[in-house]
Ligand code: 1HE
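Residue numbers (the numbering used here): -8 to 255.
The following block contains the structure:
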């Protein structure tokens, strides 16, 4: 495992092809300040350059308490707009970048913390995780892409309920809503997320790129445009030497078949 502190707010480690990005401001429950957003941007760029998949993890008992409310409360209006647009730009590097991201969730996954998790491609929560959107309580609104990403993930009605009531949602309920894909015992989210990322890193990078970039765009298209785009993406993906090698390896029985499901 190599380690290098590009910014101590986000610790960067790499294990083979998998980068581990650890939110590292536990004394403030990993609340995201402007400097924190830039540290995430740096770490994401580094992972995208050097790794084939990445995991967002967290120091302390919580994933992330969202926007740094102390910093935000001092911001003039235009700075708040620019700040929100910066979150959008940085989270877009995660959601529609070149490699898949997995988030390992525990404790508070709140406000902007949930928005960050929603920008990753797979979410793994341990049983201590709780999800909340307390923006209504704080007199603000989501600004980190949640009205698009979280609403599409769990549905605008459920998101509206969370925002209007400020209630906390358990990992099991969030799984039934489609907001997380795996619920694991306490303390095991990072291990499971790392295993999932390692599996993703074995895929063809072009296939991963297509999943990350084509799928969400196709969802936003008409069915007719989506099907046409799918044909183009499928042809590009399968026209690579890597795809041809992988297909040959299957036909020559040199690789494992698809397995029946294990424990998920
Ligand atoms: C913070 C923040 C923060 C903690 N900004 N400083 N997010 C929220 O509304 C969630 C606010 N936080 C909480 O409800 C709780 O802190 C937690 C449930 C996450 C954790 O509780 P706990 O008991 O472990 O910690 P704590 O004692 O509340 O907090 C420890 C310190 O972190 C304390 O500072 P200290 O100087 O008194 O030690 C807190 O003030 C500080 N802290 N959370 C700033 N968020 C892009 S738009 C997104 C909009 C949003 O994200 S809205 C949701 C904001």
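Glycine included, each C-beta is placed from N, C-alpha and C at the ideal position.
Query, Result
"Can you tell which of 80, 85 and 154 has the C-alpha that lies nearest to the C-alpha of residue 200?", "85"
"Are there 16 or more other CB atoms within 10 angstroms of the CB of residue 212, so buried, or fewer, so exposed?", "exposed"
"Report the residue from 134, 231 and 221 whose alpha carbon sits nearest the alpha carbon of residue 68.", "134"
"If I measure Cβ to Cβ from residue 52 and keep anything under 6 angstroms in the same chain, skipping five residues before and after, which residues do I get?", "98"
"Can the beta-carbon of residue 101 be found closer than 8 angstroms to that of residue 115?", "no"
"Excluding five sequence neighbours on each side, which residues of the same chain lie with their C-beta closer than 8 angstroms to the C-beta of residue 220?", "205, 208, 209 and 212"
"Between the Cα of residue 150 and those of 163, 50 and 168, spot the shortest distance and give me the residue it belongs to.", "168"
"Check the DSSP bridge columns for residue 23 and list the partner residues they point to.", "58"
"Under the assumption that residue 108 contacts residue 124 (Cβ atoms under 8 angstroms), give the Cβ distance between them as a whole number of angstroms.", "Their Cβ separation, rounded to whole angstroms, is 12 angstroms, which puts residue 108 and residue 124 out of contact at 8 angstroms."
"Could you tell me the distance, in whole angstroms, from the CA atom of residue 154 to the CA atom of residue 196?", "37 angstroms"
"Classify residue 238 as helix, strand or coil using the three-state DSSP reduction.", "helix"
"Here's the rule: buried if 16 or more other CB atoms are within 10 angstroms of the residue's CB, otherwise exposed. What is residue 132?", "exposed"
"Cα separation between residue 3 and residue 90?", "16 angstroms"
"Report yes or no: is there a C-beta of chain D within less than 8 angstroms of the C-beta of residue 39?", "The structure shown contains no chain D; it holds only a single protein chain."
"Residue 71 to residue 236, Cα distance in whole Å?", "50 angstroms"
"Would the beta-carbon of residue 19 be found less than 7 angstroms away from any heavy atom of the ligand 1HE?", "yes"
"Just to confirm, is the Cβ distance from residue 127 to residue 157 under 8 angstroms?", "yes"
"Assign residue 162 to buried or exposed, taking buried as 16 or more other Cβ atoms, counted over all protein chains shown, within 10 Å of its Cβ.", "buried"
"Residue 249: buried (16+ other C-beta within 10 angstroms of its C-beta) or exposed?", "exposed"
"If the criterion is Cβ atoms closer than 8 angstroms, does the pair residue 44 and residue 224 meet it?", "no"
"Less than 8 angstroms between the C-beta atoms of residue 12 and residue 21, yes or no?", "no"
"Since I believe residue 88 is in contact with residue 187 (beta carbons under 8 angstroms), could you give me their beta-carbon distance rounded to a whole number of angstroms?", "Contact doesn't hold; Cβ gap of about 17 angstroms is too wide."
"Do residue 171 and residue 121 have their C-beta atoms closer together than 8 angstroms?", "no"
"When DSSP labels each residue in this structure, what does residue 260 get in the three-state scheme?", "Nothing can be reported for residue 260: it is not among the residues displayed for the chain, which extend from -8 to 255."
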